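Reviewing the structure listed below.
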Amino acid sequence: MSYMNTKETIAMLLAGGQGSRLGSLTDKVAKPAVPFGGKYRIIDFPLSNCVNSGIDTIGVLTQYQPLELNAYIGSGQPWDLDRLYGGVTILPPYVKGKAGEWYKGTANAIYQNTHYIELYDPKYVFILSGDHIYKANYNLMLDYHKEKGSDCTIAVIDVPLEEASRFGVMSVKDDLRIHEFQEKPAKPKSTLASMGVYVFTWEKLKEYLELDENNPDSGNDFGKNIIPMMIEAGENIFAYEYKGYWKDVGTIHALWESNMDILDKDKGIDLDDPRWKIYSRNAVLPPHYVGEGAFLKNSLVTEGCFVEGTVDHSILFPGVTVEPGAKILNSIIMPRAKVLANANVEYAIVMPDTIVPRDTHVGHIPVPQEEDGGITVFSGKEK
Amino acid sequence: MENVLGIVFAYSDRAAMRELTKIRTLASLPIAGKYRVIDFILSGFVNSNIYDISLITTNNYNSLVDHVGAGRDWDLTRKIGGLRILSPFSGENSIDGVYKGTLDALNRNLGSIKRSHAHNVILSGSSIVANLDYQELLEKHIKSGADITAIYTKSMNGGKTVPRGVSVIEMDETGRIEKLKINEDDSKIQDVNWLLDIFVIKKALLETLVADAISVGLADFHQDIIKRLSGTLKIQGLESANQFFEISNIRGYMQANMNFLKKSYRDKAFEKPVFTKVKDSFPTLYKDGCYVKNSLIADGCKIAGHVENSIISRGVRVEHSAVVKNSIIMQNTDIQGGARVEYVISDKDVIVREGREVIGHEKYPLLLAKKSIV
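Protein chains in written order, with numbering that gives the first Met the number 0: chain Y, 0 to 382; chain R, 0 to 373.
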């Protein structure tokens with residue numbers, strides 16, 4: 000005998016992006032595995048959002064530098080995703096029949112894993128990405144999707160007009176029905192930007208993935224191909240307006256700024272929320288030690304740190320050492336890095352496992368129009 | 000690799016611990032900011048590749064079970080071996096499920112012990128903080144050909160005072176134990192061998208010894224095995240060079256905690272990972288105007304005041320202009336604005352209201368019971 004077991008909703012998390020605009024930060028790891036917020040990684044946000052929204056079946060599509068990301072996710076236990084049925088599954092590209100192939104685009108990646116999705120016979124599929132910092136209850140979006148009788152619902156956020164050309168923007172009617180989608184337009188017709196969060200009725204998505212796959216000219220991308228094709232065909236596509244903190248941390252400046260936002264209550268991102276915890280794989284480290292001569296101000300410090308210097312408006316990741324006389328201002332010091340005596344670090348991201356030598360100066364007050372927004376990435380001298 | 004079963008007597012409690020062990024066993028007493036005493040014992044086993052562990056409990060073990068759960072955070076959810084909690088087994092001769100002695104405790108759990116495939120057993124009490132290499136103890140035990148190896152130390156608590164009730168041993172030149180006596184007073188004794196509650200023994204021998212002892216009404220491992228059988232069995236003393244801290248009274252507890260403020264001690268204690276229950280707390284936020292010096296601070300705290308020479312557990316709030324000195328502050332305690340706390344051990348969920356002063360003495364720290372409001 001056997002038991003029928005299905006899931007109404009599952010999520011597919013696109014985590015294969017290289018994140019080339021993050022420079023040396025993604026030399027060795029995929030963008031979703033980049034450390035964030037003192038003890039998290041970017042991928043903790045969509046994973047925790049799923050779990051907190053009651054979605055317990057997640058396929059994580061990996062391609063670029065997957066080792067660290069795979070090891071990080073492991074059995075999914077830190078997110079409560081080690082389940083008998085469902086849970087988290089890593090989906091790398093694989094060989095089929097005679098020819099193996101890489102994921103050609105976001106839509107192709109989902110298409111190639113159709114069999115995984117069908118294992119659970121879902122009604123709805125969320126397509127998420129591992130590039131964004133936000134807290135969202137996907138259930139509310141799903142309710143909206145059902146209410147509207149939608150085939151595809153796209154989460155949108157209102158952005159300033161001058162920034163709109165960096166995103167996929169949606170033109171909507173009064174009932175929020177999407178009638179036009181522009182991918183990174185020079186002259187945006189709307190300020191509603193896509194958050195990279197979609198929910199599809201699986202039957203419809205499957206149909207369009209197959210159509211897209213049969214079109215040799217397609218780039219096999221959700222934003223560029225699938226969504227415009229569905230609009231063209233007159234399917235029910237609605238925008239779901241999200242109000243809250245959301246940030247694409249695709250650039251060095253955005254990553255730095257989003258980390259700094261955590262230190263500022265007014266920015267609207269509260270990670271210390273017992274009702275909406277962000278889960279992560281915790282390093283096994285003792286509490287941090289603050290020594291004589293330390294000066295701490297508006298900063299986050301976590302386990303395994305050893306602080307004897309000055310830390311002002313900065314974030315220390317697990318296992319960081321700050322020696323006497325060292326000064327850290329408006330910076331992010333990633334796991335296990337050491338800032339040696341009398342070194343000065345400002346407006347910088349210090350990479351994991353690096354050493355900032357004694358008496359050196361890293362970073363400077365940013366000047367507008369500078370590359371990377373004037374934020375210095377310190378990747379020098381590894382331990 | 001040798002197959003070993005670790006058995007921890009997780010029920011030691013001490014009257015001298017006052018309110019701290021009324022609501023929990025000594026094994027689940029918070030220590031060093033984010034740990035419980037049992038974490039050091041369990042991590043020691045796991046770091047020594049011993050993954051088959053039984054915890055013998057009697058009463059007050061809610062907090063212990065709540066802490067260890069199925070043992071996942073110690074990597075002890077195993078198909079082969081793993082963590083077992085042996086809850087009290089009341090029999091005709093026991094009173095309220097409390098064992099008459101360590102041998103009685105073992106006897107009542109003999110079924111579970113017999114089922115293990117291990118050849119050797121390491122027995123451990125739960126009132127000592129140390130990060131031991133159990134594999135090394137086992138190797139020495141096997142090499143010496145002893146029936147039982149009993150671990151002792153000369154440097155307990157870094158001091159020379161031996162409290163009442165501690166077993167002290169004397170050995171011949173080969174290290175074989177000849178005498179065991181219970182210390183009767185708190186006098187300062189030089190150079191004694193303080194018997195720890197850690198023994199290595201073949202499982203088959205343990206089973207026989209327990210059955211024999213129980214059949215003639217004997218109950219205590221120190222008295223009725225080590226002392227009584229020292230003439231017949233080869234019971235070897237083995238000194239461990241580790242630093243040990245016994246938690247037998249409030250001062251000892253304070254000292255065991257404060258040791259973690261010393262870098263040399265901390266480096267040694269955390270040379271290998273010490274596992275504990277994962278809480279997914281946010282990092283600690285240091286606000287404008289805080290002043291922090293020589294303190295060990297866990298995640299999830301909000302510090303806006305003055306913290307000095309203290310151990311701060313997870314989720315503690317020290318508000319603006321509050322002062323915390325020479326204290327142990329346990330989980331989720333709230334020290335409100337302008338309050339002053341010195342030489343205090345504050346149990347979990349305590350609130351010290353605005354402007355209140357709670358000041359103990361170095362020799363007699365003040366204890367704030369769980370959930371109390373000052």
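C-beta: ideal position from N, C-alpha, C; glycine also. Fair warning: this is a prediction, and the values are worked out from it, not measured in the lab.
With a threshold of 16 other CB atoms inside 10 Å of the CB of residue 193 (chain Y), please say whether the residue is buried or exposed.
Looking at its Cβ environment, which holds 16 or more other Cβ atoms inside 10 Å, residue 193 (chain Y) is buried.
Counting along the chain, where does the alpha helix (DSSP H) carrying residue 200 (chain Y) start and finish?
First-last for residue 200 (chain Y): 191 to 200, but that is the beta strand (DSSP E), not the alpha helix (DSSP H).
Is residue 144 (chain R) buried or exposed, if buried means 16 or more other CB atoms sit within 10 Å of its CB?
The Cβ neighbour count for residue 144 (chain R), taken over all protein chains shown within 10 Å, is under 16; the residue is labelled exposed.
Can you look up residue 382 (chain Y) in the DSSP assignment and give me helix, strand or coil?
Because the pLDDT at residue 382 (chain Y) is just 45, under 50, the model does not fix this residue reliably, and the value given afterwards should be weighed accordingly. Here residue 382 (chain Y) sits in coil by DSSP.
For the stretch 50 to 90 of chain R, list the alpha helix (DSSP H) runs that are entirely contained and at least 4 residues long, ordered along the chain.
Taking only runs of at least 4 residues, the alpha helix (DSSP H) segments lying wholly in the stretch 50 to 90 of chain R are 61 to 67.
Residue 350 (chain Y), DSSP secondary structure in three states
Judged by DSSP in its simplified three-state form, residue 350 (chain Y) adopts coil rather than helix or strand.
Is the Cβ of residue 30 (chain R) closer than 7 Å to any Cβ of chain Y?
For residue 30 (chain R), the answer is no, since every Cβ of chain Y falls outside 7 Å of its Cβ.
Ignore the nearest five residues each way along the sequence and tell me which others in residue 139 (chain R)'s own chain have a CB closer than 8 Å to its CB.
A distance below 8 Å between beta-carbons, with the five flanking residues on each side excluded, links residue 139 (chain R) to the following residues of its chain, in chain order: 148 and 237.
In whole angstroms, what separates the C-alpha of residue 202 (chain R) from that of residue 117 (chain R)?
Their backbone Cα atoms lie some 7 Å apart in a straight line.
Can you find a C-beta in chain R that's less than 7 Å from the C-beta of residue 298 (chain Y)?
With 7 Å as the cut-off, residue 298 (chain Y) counts as an interface residue toward chain R.
Mind checking residue 213 (chain Y): buried by the 16 CB within 10 Å criterion, or exposed?
With fewer than 16 Cβ atoms within 10 Å of its Cβ, residue 213 (chain Y) is classed as exposed.
Expressed to the nearest angstrom, what Euclidean distance is found between the alpha-carbon atoms of residue 139 (chain Y) and residue 176 (chain Y)?
Between residue 139 (chain Y) and residue 176 (chain Y), the C-alpha separation is close to 17 Å.
Within the stretch 222 to 248 of chain Y, ranges of the beta strand (DSSP E) (whole runs, at least 3 residues):
Runs of the beta strand (DSSP E) lying entirely within the stretch 222 to 248 of chain Y and spanning at least 3 residues, in chain order: 236 to 240 and 245 to 247.
Under 7 Å Cβ-Cβ, which residues of chain R neighbour residue 270 (chain Y)?
What residue 270 (chain Y) touches in chain R, judged by beta-carbon distance under 7 Å, is 281, going in chain order.
Given a cut-off of 7 Å on the beta-carbon distance, is the pair residue 3 (chain R) and residue 49 (chain R) in contact?
It is a contact, given that the beta carbons lie within the stated cut-off.
Under 7 Å between the Cβ atoms of residue 14 (chain Y) and residue 31 (chain Y)?
Contact: yes.
Alpha carbons only, please: which of R:335, R:278 and R:282 is nearest the one belonging to residue 306 (chain R)?
It is R:335.
Could you name the residues of chain R that residue 293 (chain Y) contacts, counting a contact when the two beta carbons are closer than 8 Å?
Chain-ordered, the chain R residues with CB closer than 8 Å to the CB of residue 293 (chain Y) read 291 and 292.
Since residue 301 (chain Y) contacts residue 283 (chain R) with CB under 8 Å, what's their CB separation in whole angstroms?
The C-beta distance from residue 301 (chain Y) to residue 283 (chain R) rounds to 7 Å, short enough to meet the 8 Å contact threshold.
Taking only three categories from DSSP, how would you classify residue 252 (chain R)?
DSSP places residue 252 (chain R) in the helix class (H, G or I) of the three-state scheme.
Please return the same chain residues whose Cβ sits closer than 6 Å to the Cβ of residue 50 (chain Y), not counting the five positions on each side in sequence.
So the qualifying residues of the chain are 78 and 79.
Report yes or no: is there a C-beta of chain R within less than 7 Å of the C-beta of residue 285 (chain Y)?
At least one CB of chain R lies nearer than 7 Å to the CB of residue 285 (chain Y).
Compute the Euclidean distance between the alpha carbons of residue 337 (chain R) and residue 350 (chain R), then round it to the nearest angstrom.
Our two residues, residue 337 (chain R) and residue 350 (chain R), have alpha carbons roughly 13 Å apart in a direct line.
Counting only Cβ pairs nearer than 8 Å, list the residues of chain Y close to residue 287 (chain R).
Contact annotation for residue 287 (chain R) against chain Y: 296 and 297 [CB-CB distance below 8 Å, chain order].
Sub-7 Å separation of residue 220 (chain Y) and residue 105 (chain Y) beta-carbons:
Yes, they are a contact pair.
Give me the chain Y residues within the contact set of residue 374 (chain R), using Cβ-Cβ distance strictly less than 8 Å, ordered along the chain.
Nothing about residue 374 (chain R) can be reported from this structure: the residues present for chain R run from 0 to 373 only.
In the DSSP assignment, what are the bridge partners of residue 168 (chain R)?
DSSP output for residue 168 (chain R) lists R:179 and R:192 as bridge partner(s).
Residue 298 (chain R) CB to nearest chain Y CB: under 7 Å?
Look at residue 298 (chain R): its C-beta is under 7 Å from a C-beta on chain Y.
Residue-level contact to chain R via CB, residue 37 (chain Y), 7 Å cutoff
So, interface residue.
With 16 other CB atoms within 10 Å as the buried threshold, where does residue 0 (chain Y) fall?
Under this definition residue 0 (chain Y) is an exposed residue.
Please report the residue range of the beta strand (DSSP E) in which residue 236 (chain R) lies.
DSSP places residue 236 (chain R) inside the beta strand (DSSP E), whose first and last residues are 234 to 238.
Using 8 Å as the cut-off, can you tell me whether the stretch 39 to 57 of chain Y makes contact with the stretch 3 to 10 of chain Y, which would need three or more C-beta pairs spanning the two stretches below that distance?
They touch, by the three-pair rule.
Extent of the continuous beta strand (DSSP E) to which residue 11 (chain Y) belongs
Element bounds for residue 11 (chain Y): 8 to 13.
Test: residue 161 (chain R) CB closer than 7 Å to a CB of chain Y:
False, the Cβ-Cβ gap to chain Y never drops below 7 Å.
Less than 7 Å between CB atoms is the rule here; does residue 366 (chain R) satisfy it with respect to chain Y?
It does not; no Cβ of chain Y falls within 7 Å.
Taking the straight line between their C-alpha atoms, what separation do you get for residue 368 (chain R) and residue 291 (chain R)?
One Cα belongs to residue 368 (chain R), the other to residue 291 (chain R), and the distance between them is close to 25 Å.
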